[in-house]
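In short: position in the sequence shown from 1, add 669, done, that's our numbering.
Every residue, glycine too, gets a C-beta built ideally from N, C-alpha and C.
I have placed the structure first, in the form of structure tokens, so that the comments after it can refer back to it.
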Amino acid sequence: MIGDGVKQAADALRAARRVVVLTGAGISAESGVPTFRGPDGLWRTYRVEHLATPEAFSRDPTLVWQWYDWRRGLIAKVQPNPGHAVLARWEARWPSFVLITQNVDGLHPRAGSRNILELHGNIWKTRCPVDGTIRPNHDVPLAEIPPRCPFCGGLVRPHIVWFGESLDRDTIRAAYTASRAADVMLVVGTSALVYPAADLPHAACGTGATLIEINPDATPLTDDAGISIRGKAGEILPLLDSYLQRG
Ligand code: OAD
Numbered sequence: 670m671i672g673d674g675v676k677q678a679a680d681a682l683r684a685a686r687r688v689v690v691l692t693g694a695g696i697s698a699e700s701g702v703p704t705f706r707g708p709d710g711l712w713r714t715y716r717v718e719h720l721a722t723p724e725a726f727s728r729d730p731t732l733v734w735q736w737y738d739w740r741r742g743l744i745a746k747v748q749p750n751p752g753h754a755v756l757a758r759w760e761a762r763w764p765s766f767v768l769i770t771q772n773v774d775g776l777h778p779r780a781g782s783r784n785i786l787e788l789h790g791n792i793w794k795t796r797c798p799v800d801g802t803i804r805p806n807h808d809v810p811l812a813e814i815p816p817r818c819p820f821c822g823g824l825v826r827p828h829i830v831w832f833g834e835s836l837d838r839d840t841i842r843a844a845y846t847a848s849r850a851a852d853v854m855l856v857v858g859t860s861a862l863v864y865p866a867a868d869l870p871h872a873a874c875g876t877g878a879t880l881i882e883i884n885p886d887a888t889p890l891t892d893d894a895g896i897s898i899r900g901k902a903g904e905i906l907p908l909l910d911s912y913l914q915r916g
């Protein structure tokens with residue numbers, strides 16, 4: 670029963686001092702952002718190796734930027750949903766609350782979350798490969814494709830971790846530190862197939878955290894999750910929040 674899982678999850682959260690949440694594309698699905706591996710997932714229509722690798726960018730930066738420009742246009746039209754809103758509010762509930770996201774859509778910050786580790790970057794930022802400068806860019810559509818660095822004139826790239834690339838060292842370290850210190854880790858809307866993100870819940874479990882999963886489908890994490898709630902993030906998180914507020 671969903672209600673039982675939500676009640677158990679609320680009890681675990683109420684008893685917790687350190688709460689960490691890991692989100693994936695599923696939390697933005699109800700806002701209208703396509704996931705990657707679902708029935709209408711981006712990786713069912715587009716080939717990763719043509720669009721989301723450093724090789725693809727070297728081969729055809731215009732094609733890669735056109736694709737990101739299209740995704741930015743799509744994301745700009747949508748709104749954060751009640752699931753994002755609950756997580757933003759929870760920052761005030763637990764002083765040590767950490768939100769780790771694999772999402773690059775920027776919907777968590779738009780919903781008001783501030784203490785976020787964006788493991789895979791952010792689609793609203795560019796990075797100059799020459800000097801590494803990261804700059805916000807909210808142009809929809811982009812003023813020029815491909816965009817160029819205002820200083821060196823070279824091509825800038827999306828500030829996104831592509832397949833075959835390493836995550837930012839400080840960000841993944843901070844994510845492991847938070848996960849290992851967690852009393853409760855809530856994993857929301859991720860297929861848990863992409864590493865190292867998918868390892869963080871194991872790290873949390875390894876140091877004794879209770880793992881709670883919210884996902885309409887089973888994932889490789891489901892068996893390890895002490896509490897598995899099969900449902901949509903935009904419905905379950907507000908329900909969980911209302912249980913928490915009841916005391
Ligand atoms: P996936 O597309 O792999 O998985 C989305 C998950 O969300 C699935 O497990 C769905 O069952 C679940 N889901 C769908 N609708 C949901 C809803 N309303 N509420 C809750 N869950 C729902 O997305 P990720 O796991 O985020 O990399 O993928 C990981 C990474 O792979 C992404 O960060 C992306 C991609 O390549 C980059 O952008 C760099």
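Note the first and the last residue of the continuous alpha helix (DSSP H) segment covering residue 788. DSSP places residue 788 in no alpha helix (DSSP H); its state is neither H nor E.
Beta-carbon proximity list for residue 720, same chain, < 7 Å, skipping 5 on both sides: When the five nearest sequence neighbours on each side are left out, the beta carbons in the same chain lying within less than 7 Å of the beta carbon of residue 720 are those of 733 and 736, in order along the chain.
Label residue 766 either buried or exposed according to how many other C-beta atoms from any shown protein chain fall within 10 Å of its C-beta, with 16 as the threshold for buried. With 16 or more other CB atoms across the displayed protein chains lying within 10 angstroms of its CB, residue 766 is buried.
The ligand OAD heavy atoms versus the CB of residue 706: any closer than 7 Å? Under cutoff, so the answer is yes.
Inter-residue Cα distance where the pair is residue 756 and residue 705: Residue 756 and residue 705 have their alpha carbons spaced roughly 22 Å apart.
Mind checking whether residue 861 and residue 880 have CB atoms under 8 Å apart? No.
Write down the C-beta distance between residue 912 and residue 675 rounded to the nearest angstrom, noting that I regard them as a contact closer than 8 Å. Confirmed, Cβ separation roughly 6 Å.
Is residue 897 a contact residue of the ligand OAD, with contact defined as CB to any heavy atom under 7 Å? No, the beta carbon of residue 897 sits no closer than 7 Å to any heavy atom of the ligand OAD.
Could you tell me the distance, in whole angstroms, from the CA atom of residue 907 to the CA atom of residue 901? Between the alpha carbons of residue 907 and residue 901 lies a distance of about 10 Å.
The stretch 763 to 782 in contact with the stretch 813 to 823 per 3-pair CB rule at 8 Å: No, the stretch 763 to 782 is not in contact with the stretch 813 to 823.
Let me check you understand the geometry: is the CB of residue 699 closer than 7 Å to at least one non-hydrogen atom of the ligand OAD? Yes, Cβ of residue 699 sits closer than 7 Å to a heavy atom of the ligand OAD.
Going by the DSSP bridge assignment, what does residue 859 pair with across the sheet? Paired residues: none, contrary to the question.
What did DSSP end up calling residue 807 once you bin it into helix, strand or coil? Shown here, residue 807 sits in coil according to DSSP, grouped into three states, outside any helix or strand.
Return yes when at least one heavy atom of the ligand OAD lies under 7 Å from the C-beta of residue 748, else no. No; taking the cut-off as 7 Å, the Cβ of residue 748 has no heavy atom of the ligand OAD nearer than that.
Applying the 10 Å Cβ sphere with the 16-neighbour rule, what's the burial state of residue 693? Residue burial annotation: residue 693 is buried, with at least 16 other C-beta atoms found within 10 angstroms of its C-beta.
When the Cα of residue 786 is compared with those of 796, 842, 747 and 724, which residue comes out closest? Comparing Cα-Cα distances from residue 786 to each of 796, 842, 747 and 724, the minimum goes to 842.
Residue 834 - DSSP class collapsed to helix/strand/coil: Correct three-state label for residue 834: coil.
Integer Cβ distance of residue 831 from residue 722, believed to fall under 8 Å: At roughly 5 Å, the Cβ-Cβ gap stays under 8 Å, so residue 831 and residue 722 are in contact.
Beta-carbon proximity list for residue 730, same chain, < 7 Å, skipping 5 on both sides: Beyond the five residues adjoining it in sequence on each side, residue 730 comes within less than 7 Å, by CB distance, of 815 and 824 in the same chain, given in chain order.
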